[in-house]
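Here the structure is laid out as C-alpha cells; the discussion comes afterwards.
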Amino acid sequence: MEKIDRLGWAAGLSFVAYGRRIGIRVNDPEVLRQLPDRLPPGWKRVGSPIVEHLYSLVLGGDGPRANVRRFNLLYAGSARLARALDLDQVLESLESDLQQYIAGAAKGRLFVHAGVVGWRAKAIVLPGRTLSGKTTLVAALARAGAAYYSDEYAVFDARGRVHPYPKPLSIREGIGGRPEKSAVEALGGRAGVRSLPVGLVALTEYRPGGRWRPRLLSPGQAALALLANTVAARRRPRAALSTLRRVASQVPVLKGTRGEAAEMVEAILDKLENGTATRRSGAATGR
81 MEKIDRLGWA AGLSFVAYGR RIGIRVNDPE VLRQLPDRLP PGWKRVGSPI VEHLYSLVLG
141 GDGPRANVRR FNLLYAGSAR LARALDLDQV LESLESDLQQ YIAGAAKGRL FVHAGVVGWR
201 AKAIVLPGRT LSGKTTLVAA LARAGAAYYS DEYAVFDARG RVHPYPKPLS IREGIGGRPE
261 KSAVEALGGR AGVRSLPVGL VALTEYRPGG RWRPRLLSPG QAALALLANT VAARRRPRAA
321 LSTLRRVASQ VPVLKGTRGE AAEMVEAILD KLENGTATRR SGAATGR
C-alpha cells in the first residue's frame with residue numbers, strides 16, 4: 081500500500097453509497113468524467129477524504145518510445161484488480177468490484193442475485209447467478225409492461241420489501257457474448273421507483289426446449305435457495321436468514337427449468353395474478 085501511496089495522485093472522488101464511504105483516486109483528472117455512469121445507483125458525493133474502501137486508478141498512456149504503451153492499473157487497497165491497455169476494460173473491473181463490495185457490505189439492505197420486476201404493486205423476484213438467463217427473462221417481462229427494478233440484484237430491506245436498483249440491463253447476444261448495456265426505455269419498458277412487497281419468487285434456469293413445470297418449495301427450502309444467492313450470506317448469515325425467512329413464509333417460491341423467455345411471461349404474470357396460492361391463506365395472490 082505504501083508503494084501505491086507514493087504515486088502522484090492528481091484528483092479523486094469520495095462518495096457514499098448504501099451507507100458506505102468509498103474513494104477513487106486517479107493520476108489523471110480527466111478520467112473522473114467517465115466514473116459517474118460506473119457508480120452504484122443513488123451515490124452521493126461527499127467532501128471528506130476519509131473512506132472505508134479505496135480504489136486507485138493509474139492511467140498508463142504512451143511510453144518513452146513511440147511503439148510502447150504503459151498499462152492502465154486498478155487497485156483496491158493494496159490488491160491489484162486489473163492491468164490492461166484498454167481503459168474500458170479496467171473501468172469495467174472497477175464497476176464490477178465496486179458493485180460486489182456494495183452488495184456485500186451495504187448497510188440496512190440485503191442484496192440477492194436476482195432479476196426483479198414490478199407488476200400490480202407486487203415484486204416478482206427471479207433469483208439466479210450470471211448466465212442463468214435472468215436478464216433475458218427480466219427484459220421480456222419489461223417489454224410486456226412490468227416495471228423494471230433490476231437484472232442483477234434484489235435489494236431487500238429488513239421488512240422484506242424490494243427496492244429499485246436501476247442500473248442498465250446487461251444484455252448478451254448469444255452464448256458467451258459480451259454484455260451490452262441497455263436502458264429499459266430502449267426496450268419500450270419503464271423503471272420502477274418505489275419499494276414493493278414481494279408477490280412471487282421464481283427460481284428458473286434456461287434450458288433449450290425446456291418446459292416450465294415448477295414445484296412449490298417449502299418455506300425452509302425457499303429460504304435456503306434465496307440464501308444461496310445472497311451476497312452477504314457468510315458475512316451476515318443471521319440477518320440474511322431473518323429477512324429471507326420473512327419473504328419465504330409469506331409468498332409462493334417456485335423452482336423449475338424453462339424454455340424461451342417470451343414463453344414464460346404469461347405464465348409468470350398469471351401465477352402472480354390468478355393462480356398461485358399464498359403461504360398463509362391458500363387464496364389467489366391478487367393485485
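Note that the numbering used here has the sequence shown beginning at 81, numbered continuously upward. Where a beta carbon is used, it is the ideal one built from N, C-alpha and C, also for glycine.
Cβ shell of R367 (< 7 angstroms), same chain only, five flanking positions each side left out: The predicted model places R367 with a pLDDT of 31, which falls under 50 and marks its position as unreliable; any figure quoted below should be read in that light. Around R367: R200, A201, E353.
Where Q114 falls, given that 16 or more other Cβ within 10 Å makes a residue buried: So Q114 ends up on the exposed side.
Using the three-state DSSP reduction, which class does T365 fall into: helix, strand or coil? Low per-residue confidence applies at T365: pLDDT is 32, beneath 50, and the placement is therefore not dependable, though the value from the model is reported in the following sentence. Three-state result, T365: coil.
Excluding five sequence neighbours on each side, which residues of the same chain lie with their C-beta closer than 8 angstroms to the C-beta of K351? Counting only Cβ-Cβ distances below 8 angstroms, and skipping sequence neighbours, we find L280, A282, P332, L334, T365.
The beta strand (DSSP E) enclosing P207, as first and last residue numbers: Where P207 is concerned, the enclosing beta strand (DSSP E) stretches over 202-207.
Determine the DSSP secondary structure at L190, reduced to helix, strand or coil. DSSP places L190 in strand when its eight states are reduced to three.
Compare the C-alpha of A97 against each of R125, V106, N107, L112 and name the closest. For A97, the closest C-alpha among the options R125, V106, N107, L112 is that of R125.
Determine the direct distance from the alpha carbon of V197 to that of V205, and round the result to whole angstroms. Each residue's Cα considered, the two are about 7 angstroms apart.
Output the distance between the C-alpha atoms of L217 and R315, rounded to the nearest integer angstrom. So the two alpha carbons sit approximately 30 angstroms from each other.
In angstroms with no decimal places, state the Cα-to-Cα distance between A363 and S329. Any answer about A363 is weak, because its pLDDT of 34 lies below 50 and its placement is not dependable; what the coordinates show is given next. Approximately 15 angstroms between the Cα atoms of the pair.
Taking the CB atoms as reference points, tell me whether A271 and Y228 lie closer together than 8 angstroms. Yes; because the gap between Cβ atoms is below 8 angstroms, this pair is in contact.
Looking at the C-beta of P244, does it have a partner C-beta in chain B at a distance below 8 angstroms? Of the chains in the structure shown, none is chain B; there is only one protein chain.
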